[in-house]
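**Q** Taking full-length UniProt numbering, I'd label the letters of the sequence shown as residues 1 to 578. For every residue, glycine included, the Cβ atom is placed at its ideal position computed from N, Cα and C. No experiment lies behind these values; they were computed from the predicted model shown. Have a look at the structure that comes next, please.
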Amino acid sequence: SRRVAPAGSSAKKRRKKEKRALGDDDVADIQHTEDFLIKPESRVAQLDTSQWPLLLKNFDKLNVRTAHYTPLPSGANPLKREISDYVRSGFINLDKPSNPSSHEVVAWIRRILRVEKTGHSGTLDPKVTGCLIVCIERATRLVKSQQGAGKEYVGIVRLHNAIESEAQLARAIETLTGALFQRPPLIAAVKRQLRVRTIYESKLVEYDPERRLGIFWVSCEAGTYIRTLCVHLGLLLGVGGQMQELRRVRSGILGETDNMVTMHDVLDAQWQYDNNKDDSYLRRVILPLEKLLTSHKRLVMKDSAVNAICYGAKIMLPGVLRYEDGIELNQEIVVITTKGEAICLAIALMTTAVISTCDHGIVAKIKRVIMERDTYPRKWGLGPKASQKKMMIQKGLLDKHGKPNESTPESWRREYVDYRWVLGVWLPQTQLFRGEHCAARPGLDAVDCARIMLGLALGSLDLWNAVAFLGVCCSWAVLEERPCADSYPFLACCGFRGSQSAKLNGGGHAVAQPSWPWCRLQISPTPTSPPSSWGGLQSPCAGTGICASPEQHEATNDCPVQPWDLFFQGYFQERSRC
């Protein structure tokens, strides 16, 4: 019996065939003509974004934190920027010609395009050809990261004497992998000191025994001297050798096949734009800087948070719309807008798992801001807390900097968390705080201390800074740093019931309990005497000036400070002012 095709199947097949027939040129045309934008929506639509350009590619596969935000008309898709902005935020994957130096080539491009600033991804010797990434204006902010990216070369080595076989040369080339000692060649314009450079992979491509020439390919760390590698190759074979020719075939993520252009292309594209007002050639020669960042993990921010980040604000979790899988701690990521523009490079302070489970905190710290300020409008200071704070400043309930004064209501002191204090704007995270920091902040009481500890629980300062800051806030007089065996500092609290010391995570003097959101601190008379037990809050503290339990306080009535008050009520019974 004959099978009857279901209705509509021929139309589906025809659509699939048309989709398959879409060539690379058609895809490029669509990317340049259509608008690409992540739209605010209450539900996540199933969209095919595999053909979306640059940093928006496969954005529907990103984890969604929220889809609600207010889109702003500012900014533009990187491929559809105004031509002046497009040039100023672009780069050229240049096929460097032989003979001129890298510096000369970059200066020529600066003069041809009539821009103020250009930079390149790593110097090539005058005789060396190949991939040289030339960054223009705003894209020069990525030069450092491109200079440190890996490189690939194809070179020709000339051996001074004949060798037994081609296999011998192949083995020698493959031997020279891993970390190698190198001293820069005599012609190099750098200090000739011994360096360690890593060869990731190398192989022999072809060998001509009659002319004693070998073609090899090598993938290496930035800063590797291939000329020195050829000399070492000759020494390893026992016949001597030197580099004959060299070409860079890849720099970072860009290779010879990734829209590489010549100097003539740059000159012709600018001429066509100047004379015919046609910018299509110029847009093909210059690529948006976002192309350099497509290998980074992405973080999509709300439009209202963009300008704040450009001014150096923390990248906070409430401003995140989407985030990528596989983000690890201290990994370099790129922060982008809903239109696919790069805002900044950042160092991740939360993993993907933490981002998905938290509702507040710092996601990443800025490494390099890429976007110009005021590309997007200012949107900070418009929230309910900020508006209330402005009104309180006008009424005199806060000082002109928004800090508490004598007129500040207790409810504000108790509820408001100033993250600028918690995150180390006026207290650096890397130094031990001393009494003068607190003396410069009159009016900081134990309520503020407890509030700061709450902020620390959200993940800001490290543990020993937390205790040091706590000590300063609560007027423990002088903090001094002493060395100890496990590299944690002692915090000597002088003037508080004599001289006692606290030590973090060593000897039991400050113990982090898994069931607590922050550490529990015990001050003992000597830094070497461990507590006998930590059952619940029970711990001996006779004569130390700190009570380990309410029962002990009632029994002795001799403890001016009670830790449960600090952690749960947020105040000290005595010594409540700095």
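For N330, which residues in the same chain have their Cβ closer than 7 Å to its Cβ, ignoring the five residues on either side in sequence?
**A** The answer, listed in chain order, is I347, A348.
**Q** Terminal residues of the continuous beta strand (DSSP E) containing K390?
**A** No beta strand (DSSP E) holds K390; the alpha helix (DSSP H) holding it covers 384-395.
**Q** If you follow the alpha helix (DSSP H) that residue 616 is part of, which residue opens it and which one closes it?
**A** The question about residue 616 has no answer, for the chain in this structure spans 1 to 578.
**Q** Count the other CB atoms within 10 Å of the CB of W380; is the residue buried (16 or more) or exposed (fewer)?
**A** The residue is exposed, with fewer than 16 neighbouring Cβ atoms inside 10 Å.
**Q** With DSSP collapsed to three states, give me the class of S84.
**A** S84: helix per DSSP, three-state reduction.
**Q** Looking at the structure shown, is G155 part of a helix, part of a strand, or coil, going by DSSP?
**A** Strand, per DSSP.
**Q** Which residues in the same chain have their Cβ closer than 8 Å to the Cβ of V27, if we skip the five residues on either side of it in sequence?
**A** Cβ within range, chain order: Q51.
**Q** A386: buried (16+ other C-beta within 10 angstroms of its C-beta) or exposed?
**A** Flag for A386 reads exposed.
**Q** What are the residues that DSSP puts in a beta bridge with E245?
**A** E245 pairs with I156.
**Q** Using the C-alpha atoms, what's the distance from D60 back to residue 594?
**A** The question about residue 594 has no answer here: the residues shown for the chain are numbered 1 through 578.
**Q** Of the residues R192, L229, E152, which one's Cα is nearest the Cα of G255?
**A** Checking every option, the nearest Cα to that of G255 belongs to E152.
**Q** Based on Cα-Cα distance, which residue from S102, F181, K203 lies nearest to A170?
**A** Answer by Cα proximity: K203.
**Q** Any chance you could list the alpha helix (DSSP H) runs of at least 4 consecutive residues sitting entirely within the region 112-148, in chain order?
**A** DSSP runs (the alpha helix (DSSP H)) wholly in the region 112-148: 143-147.
**Q** Figure out for me which residue from H296, R183, D268, G150 has the closest Cα to the Cα of D325.
**A** When each option's Cα is compared against that of D325, the closest is H296.
**Q** Kindly indicate the opening and closing residues of the alpha helix (DSSP H) around Y273.
**A** Its alpha helix (DSSP H) spans residues 263-276.
**Q** Once the 5 residues before and after E221 are set aside, which same chain residues still bring their CB inside 7 Å of it?
**A** Hits under 7 Å: G150, R197, T198.
**Q** Using three-state DSSP, classify residue 623 as helix, strand or coil.
**A** Outside the modelled stretch of the chain, which goes from 1 to 578, sits residue 623, for which no answer is possible.
**Q** Is L444 helix, strand or coil when you go by DSSP?
**A** Here L444 scores only 45 on pLDDT, less than 50, and its place in the model should not be relied on; the value that follows carries that caveat. If DSSP states are grouped into helix, strand and coil, L444 belongs with coil.
**Q** Using the Cα positions of Q242 and I163, report the straight-line distance between them to the nearest angstrom.
**A** Each residue's alpha carbon lies about 15 Å from the other.
**Q** Does the structure place the region 385-401 close enough to the region 358-372 that three or more beta carbon pairs sit under 8 Å?
**A** No, because fewer than three Cβ pairs between the region 358-372 and the region 385-401 fall closer than 8 Å, the two stretches do not touch.
**Q** How would you call I83, buried or exposed, if buried means at least 16 neighbouring beta carbons within 10 angstroms?
**A** Result: exposed.
**Q** Quick one: measure Cβ to Cβ for T228 and P185, integer angstroms, because I've assumed they're closer than 8 Å.
**A** Indeed, because the Cβ distance is near 6 Å, the residues count as touching under 8 Å.
**Q** Among T337, I309, E415, which has the Cα closest to the Cα of K365?
**A** When each option's Cα is compared against that of K365, the closest is I309.
**Q** With burial defined as no fewer than 16 other Cβ atoms inside 10 Å of the residue's Cβ, what is the status of V320: buried or exposed?
**A** Buried, because 16 or more other Cβ atoms sit within 10 Å of the Cβ of V320.
**Q** Would you mind stating whether I133 and S121 have Cβ atoms separated by less than 8 Å?
**A** It is a contact, given that the beta carbons lie within the stated cut-off.
**Q** Output the distance between the C-alpha atoms of L293 and D48, rounded to the nearest integer angstrom.
**A** Using only the alpha carbons, I get a separation of about 21 Å.
**Q** Is the Cβ-Cβ distance between L159 and G340 less than 8 Å?
**A** Their beta carbons are not under 8 Å apart, which means L159 does not touch G340 by this criterion.
**Q** What's the gap between the Cα of residue 592 and the Cα of G155?
**A** With the chain running from 1 to 578 in the structure shown, residue 592 is simply not present.
**Q** With a CB to CB cut of under 8 Å and the five nearest residues on each side skipped, what residues in its chain are close to Q31?
**A** Closer than 8 Å at Cβ, skipping near neighbours: Q51, W52, P53, L79.
**Q** Compute the distance between the beta-carbons of S74 and T338, then report whether it is under 8 Å.
**A** No, Cβ-Cβ distance for S74 and T338 is not below 8 Å.
**Q** Is the number of C-beta pairs between the region 247-263 and the region 123-143 that are closer than 8 Å three or more?
**A** Contact between the region 247-263 and the region 123-143 is present, because at least three Cβ pairs lie under 8 Å.
**Q** Output the distance between the C-alpha atoms of D278 and W271, rounded to the nearest integer angstrom.
**A** Between D278 and W271, the C-alpha separation is close to 9 Å.
**Q** Just the C-alpha distance for K403 and V115, rounded to the nearest angstrom, thanks.
**A** Their backbone Cα atoms lie some 45 Å apart in a straight line.
**Q** Flag this pair as yes or no: are the beta carbons of I315 and V335 separated by less than 8 Å?
**A** Yes, the Cβ-Cβ distance between I315 and V335 is below 8 Å.
**Q** For T177, which residues from the same chain have a beta carbon less than 8 Å from its beta carbon, with the 5 sequence-adjacent residues on both sides left out?
**A** Excluding positions up to five away in sequence, the list reads I199, Y200, E201, S202.
**Q** Going by DSSP, name the residue or residues bridged to G214.
**A** DSSP output for G214 lists V157, Y207 as bridge partner(s).
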